[in-house]
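Following our numbering, the numbering of the sequence shown begins with 1388 at its first residue and continues without gaps. Data first, discussion second: the structure below is written as C-alpha cells.
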Amino acid sequence: MSQLQMIPACGERLLRFVGDRIRFELHAKGGWPAGFRAVLRTNIGRAAQARSEIIAACFKKIPLADASWRDIQMRPQDGKWFVELPLTEVGFFQAKAYAVDARGRQHWPEGPNVGISVHPDDCRTGNVIYCAFPRLFGQSRSMAVAQDEAWEKQLRALDARNYTVIPPSGTFRDLKAQLPHIFEKLGCRILHLLPINPTPTVYARFGRYGSPYACQDLTAVDPALAEFDRRTTALEQFLELVRAVHLHGGKLFLDLVINHTGWGSTLWEKHPEWFKRTPDGEFQSPGAWGNVWRDLVELDQRHPALWTELAEAFLTWCRRGVDGFRCDAGYKVPAHVWQHIVARVRQEYPNTVFLLEGLGGSWEATEILLTDGGMQWAYSELFQNYSGTDVARYLDYALGQSRRVGLYVHYSETHDNPRLAARGRAWSLLRNRLCALTSVCGGFGFTCGVEWLAAEKINVHQCTGLSWGASDNLLPELAALNKLLAQHPCFFDGAVLTRLSADDSPVLALKRESADGKDAVLVLVNTDVERAHSISLKRPALPFAETVVDLLGQPPPERQQAGSAEIIFHLDAGAAYCLAESAKPAGLAGDEYRKLHAQAAWALCALSHYLPLEKIGPAPWHELARMTADASRFLAALPWVNPEAASKDLLGAIKTAMKGDHYPIVTVWTPADIRRVTLVPPEHWLLLRDTVSFCATLKAEADELPRHLQSLEIAGGHIVAFPPSKTTGPALLHVERNIPGQPALKAAIEFLPDSPPPATVDLEAIKNPPTPLDAPLILLTNGIGGMARMCVDLGRVKSKYDCVLAANLHPQFPVDRHVFIKRIRLWANADGFITQLNGDNLVAFAPGPPATWEFVANAGDGRSVEIRLRANMLQNRNSIVFELERPKNPPPLGRDLPPECDVSITVRFDIEDRNFHWETHRNAGAEHHFSTHTHPLADSIGFCFNPAPERSLRVYASGGFYHHEAEWSHLLHPVEGSRGQTDCGDGYSPGWFELPLPKGARLLLVASADSDNPTPAEIEGALGEKPHAGARRHPEKNAGASSAIADDFGARLLKAASAF
C-alpha cells in the first residue's frame, strides 16, 4: 500500500504532564484502500505493569515481555485515523500506530516508536532550586573567606602527627533556621541538599572535613550535621528539616551518589565484590574531565543484587519525606540499572523526581537516561556557555530537548564551578537572569551564597564562606526573578519559546508565548558584561506595540524606530529584561493556574479507574477542574458515567451521572475519625478531608506496597482520594498535616470483602482457651426462636444457656425457650482404644451451618481413625440432626486403621426439663421426674422423654444400638459464677448409643421436640451445603432481581435475622 505517516512522527520524543492529552494520527499518502483500519499499539496507561516487567526481568539487560502493551482502535476522520488519550500516570511510555488491511495483515510506518515522558502535574511551573551545602551554614556562614591559611598550617602540624582535626560543621538546624529566607524571601520552591551521608573521618579522609561524595553509608546521616541535644538523633534532626521544608510548601531533593562510595563504606566492607578493580587487583577510583577522585572507590554495576540495594536506599529516603534526587555522575550508571531503580521507587512514590547530573557524559547519554532510563530532569550546560554565539547555540539544543525528553534545569552556578561573584556583581546578576529568563517550566537553580555575592569557591573537602548578610547582595533581583517564574504563564508548561536574535548576536532575544496564547513576553539579554550592544527586531515579532513594561521592575531599555517594520533596542553591558505589554498577565497565572491544573489531573486519574483511556473524551481542563468542587458527588458518579457518551462529550456525561440518585460509593474520613476504625466497603473510595494541606500514606496488611498521596486543594479544604482497594482486611492510615508542631495522625482502616469471609477457627483457642469464659461457641437456629448453643469443644459447658436443643414451644410466637438437651458427649472406640471426641483431638472445624467437626482418634500403635460430625437445626422445627461419618480417605494424622478392625461411636445426651433461665439440680424429686418419664423407643433406636402432654422429646439413631443405662453429671457454669450467680447445675443422661462406624459409613442422630418426626427430606436439607449468594454489589448488575436474597448482603441479612 502507499506510504504510511504517523503524527507525531516515528522516533519522536515528547514531554507531557499528568492531566495532559496526546493525539496520534495515521495518514496514508494517496488515500486509504478499502477495508483498511488503524490501530495504536502502546503501553500508555499501563505504568504499574510496565514497572513490574522491568523489575521482574530477571535483573538482566534483556528484552522485556511487553505484557504492558495493548492495541487501541483508532477512529476515522477526514481521510486519516486518530485517537486521543489522557495521560494519567508518571513514566516513560511508547506508542506506534499501524494499519490493518481487509485480510488482517499489518502495515507499519517506518521508524522507531514514539516516546512520551510524562512528568508529575506539580512540575509544570516554578521549579526554582536552591542548592545548599549544610556544612556551610554554621559559624563560617557570614564570612566572605572561611579558609585561613595560617590556621590551616597549624592544623597540618597535628595531621603530620596522625591527629585528626575536624572543625565544627553547620547543622540541619542551622539550615532550618534559614528556610524563611529560602522559601519566603527568595521564593524558591525546592531545597537541594548536597549529600548528607557520613563522610570519612580517619580512614582515607581527603581534605579537612572529608568529601560528602565519599559516602560511608547510603542510608545513614552524618552526625556532624546534628546538634548534640540528648533528645534527638541525627536522623530525627534531618526529619525536622524535611518537615519544615514541607510546612513552607517546598520540596526537598537529596544528592545521592550510587556510582561510587568512600573508602571504608558499609557497602565496601560488606560487599567488596560489588566494586571495580584494576587488572593488578587494586580498587578503582572514578574520575571525569581528566581528574581521578582518589578518595572514592567505584561501584561495579554488573551485579543485580547491588541494584536491589541501591533501589532500597532511594526508597528509604522517600519514606523519610524526600521528594526527589540529584543523581551525581548518573551517566556513569548504565541506563538499565536506572530503569530498575526508578521503576522500584515509582511503585511506591510515582511523583519522585530524578535530576540527572550528567555534566561529564555525552548529550546522547543524557537523552537516553531522560527517556528509557526513566529520569525527568537534567543539568543544563548553559552555566558554561558565555558568548552570545555559544549561548544561542546551546539554548537551541537545551530548549528543544526540554520540550522532548525532559526538563534541562539552568543552574547559574554549581558547587563544582568558580563562584560567579568572583567576577563581580554585574557578572553574577547577568548569569542568574540569563538562566532564569531562558528556563522552561521555571527550571532554574543556584547555589547557596549566590544571593549574597559569595566569592569563595566551594570546596567539598573544606568549609567556605557564604558572605551571609552582606549589604551588597542580589536578594531583590533573585526574588523578582523567582516570582516571575512562579507567577507568569509565559514561564509555565506549554509556553512556546522562539529565538529572534541572530546566531552570532551578543544580545539574546527570546520571545515567550503562553500555552493559551493570551500572553507573550520578550526576553533581552546582553551576554557581554563589558560592552553595550544593540539589536534590531522586526515589529510583527514583538509581543507589544507601544506600551512596554519590564517585568523585573526596571525601566525598559532605550529603543528607537528603524523604519516602519523594525525597532532597535540598546542594552547596557550585562543588561537583561523581560518586556511585556502589561504587568498583569491576561491568562490564568500563579497559584490559580496550578490549583486548577491539579484538580483537572485528579479528575482524569479518577475517571481512568472506570473508563478506558480511549473513552475519556476531550474537555477544557479548567472546566473539568471545576467538576471536582463536590469531590464526594463526583467520585460517586464515576461508575455511572456512560463510556460512549464520555468519548464524545466528557463533561456532559459526567454531569448526567452526577444528577443521578446513585448509591454513594465513597467513605469519608476526617481527623475527627482518628479514634475510630473506619470501615470501607468493597468498591468504595476512601476520601480524606481536612481544612489544611496534608500528605497521607495507606498501608494495607495484605498489600506489599503502601500508597502515598499528597492532598489536593478544592473548594472548602483539602482532599486525598484512595481508589477502591483490591485487597481486604486491616490497613493503617498515616496522615501528616501541615500544621507546625503537630505529630502525624494514625488511624485504623478496615477494607471489607464483598462477602463475609469464612469464619476462621483457632484450634489452639478451642483446645486451651485462656480462661473457661473464652471457650468458643457455635450457634444454630431454626428460624422460629429455637436454638442450639454448644461449645466447639464438645462436652464442655460454660453457661446455663449452653444447650443442644432449646425449643420454642409456642406454635405462633417466640416465648422463653425450653431446654431439653444440655450437651452431647461422644467417644470413639477404635479397635479397643477409647478416645473422647473433643477439642483435644479436633483437627478442623467450620461453624457452618451446618457446623462441622473433624476429629482424629487414636487407634494404638500409631494408627488413627478420622471421624466427621455435622450438626444443624431443621428450619421451622424444634429439631436438631447430627451426622456421623467415617471418610474413606486415610486420616490426616497417623496410619490408617485396617478395615477389619472395629470402630464404633458412643454417644450420650444430657437432658433437662426447664425454662431457659433456670437450672436443673439433682435431688430426689429430679431423680424421680427423669427416671419415670424416660423410656426406650419401641419402634426406633433411642429414647423418649415425656414429662407432660404439651412437651416431649425423642432422640433416635438411624442405626446401631441404644442402651438404657442412666447417669447424672454435675456441670459447672463459670459464666454465671463470674457474675455472682448460681455457678452450677446437673444433667441427666438416660442411656447411651453404640453406633458401629465402618470405613465409608454414615449414621444420623435426631433429637426432636416436635409432635411428629422430621421427614428424611427435611433432615437431608438441614445437612445440605450452605447456599452461596454470588451477586456482587453492582446496582446495574443486580437490576431486575426479584428478591432481597438476590444480593449477598440481603442473603446475609436474612440469615442473621433468622437467628433471632
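Ideal placement from N, C-alpha and C gives every residue a C-beta, glycine not left out.
- Spanning the alpha carbons of Pro2058 and Gly2039 requires a straight line of approximately 34 Å.
- Runs of beta strand (DSSP E) with 3 or more residues, each lying fully within the region 1472 to 1519, are found at 1478 to 1487, 1501 to 1506, 1515 to 1519, listed in chain order.
- Going by DSSP, Lys2133 is part of the beta strand (DSSP E) stretching over 2132 to 2138.
- Between Asp2370 and Glu2363 the beta-carbon gap is near 5 Å, inside 8 Å, which marks them as a contact.
- Exposed is the label assigned to Pro2201, since fewer than 16 other Cβ atoms lie within 10 Å of its Cβ.
- With 16 or more other CB atoms across the displayed protein chains lying within 10 angstroms of its CB, Val2107 is buried.
- Apart from the 5 residues on each side of it in sequence, Ser1455 sits with its Cβ closer than 7 Å to the Cβ of Asn1430, Arg1433, Gln1436, Ala1437, Glu1440 in its chain, given in chain order.
- For Arg1490 and Val1426, the gap between their C-alpha atoms comes out near 15 Å.
- Per DSSP, Tyr1980 lies in no beta strand (DSSP E); the unbroken alpha helix (DSSP H) holding it starts and ends at 1977 to 1994.
- Each of Pro2143, Leu2256, Asp2297 was checked against the Cα of Gly2116, and the nearest Cα belongs to Pro2143.
- In the three-state reduction of the DSSP assignment, Lys1971 falls in the coil class, being assigned neither a helical nor a strand state.
- Within the DSSP secondary-structure output, Thr1429 pairs in a beta bridge with Arg1457, Ala1482.
- By the Cβ neighbour-count rule, Leu2025 is buried, with 16 or more other Cβ atoms within 10 Å of its own.
- Within a 10 Å sphere around the beta-carbon of Asp2048 sit fewer than 16 other beta-carbons, which makes this residue exposed.
- The C-beta distance from Ala2102 to Ala1988 rounds to 17 Å, too long to fall under 8 Å, and the pair is not in contact.
- For Val2393, no alpha helix (DSSP H) segment is defined; the enclosing uninterrupted segment is the beta strand (DSSP E) at 2389 to 2395.
- Membership of Leu2410 in any beta strand (DSSP E) is not indicated, and neither H nor E is assigned to it by DSSP.
- CA-CA distance, Asn2259 to Ile2328, rounds to 20 Å.
- For Ile1569, no alpha helix (DSSP H) segment is defined, and its DSSP state is neither H nor E.
- Here Val1732 is not near Gly1711, since their CB atoms are 8 Å or more apart.
- Going by C-alpha positions, Ser2291 is about 16 Å away from Tyr2343.
- In terms of Cβ geometry, Ala2006 and Leu2037 form a close pair [threshold 8 Å].
- The count of Cβ pairs closer than 8 Å, one atom from the region 2309 to 2318 and one from the region 2384 to 2397, stays below three, leaving the stretches out of contact.
- Under DSSP, Met1530 forms no beta bridge with any residue.
- Two segments are said to touch when three or more pairs of C-beta atoms, one from each, lie closer than 8 Å; by this definition the region 1949 to 1964 does not touch the region 2068 to 2083.
- Within the region 2001 to 2070, the alpha helix (DSSP H) runs of at least 4 residues that lie entirely inside it are, in chain order, 2008 to 2013, 2018 to 2024, 2030 to 2035, 2037 to 2046.
- Annotation note: the region 2225 to 2275 contains the following uninterrupted beta strand (DSSP E) runs of length 3 or greater, listed N- to C-terminal: 2229 to 2233, 2238 to 2245, 2250 to 2260, 2266 to 2272.
- Leu1743 sits away from Gly1761, with the two beta carbons spaced by 8 Å or more.
- With a contact defined as Cβ atoms closer than 8 Å, Gln1771 and Gly1793 miss out at about 19 Å.
- Put simply, the backbone Cα of Gly1829 is about 39 Å away from that of Phe1615.
- If you ignore the 5 residues before and after Ser2251, its C-beta comes within less than 8 Å of the C-beta of Ala2217, Val2243, Ala2244, Asn2245, Pro2278, Leu2280, Gly2281, Arg2282, Asp2283, Leu2284, all in its own chain and listed in chain order.
- Annotated as distal: Leu1887 and Leu1786, with beta-carbon spacing of 8 Å or more.
- Across the structure, Phe2303 and Gly2219 are spaced so that their CA atoms are roughly 39 Å apart.
- For the pair Ser1767 and His1797, the CB atoms are nearer than the 8 Å cut-off.
- The bridge partners DSSP lists for Lys1925 are Glu1953.
- Between the region 1598 to 1614 and the region 1534 to 1550 there are fewer than three inter-stretch CB-CB distances shorter than 8 Å, so the stretches are not counted as touching.
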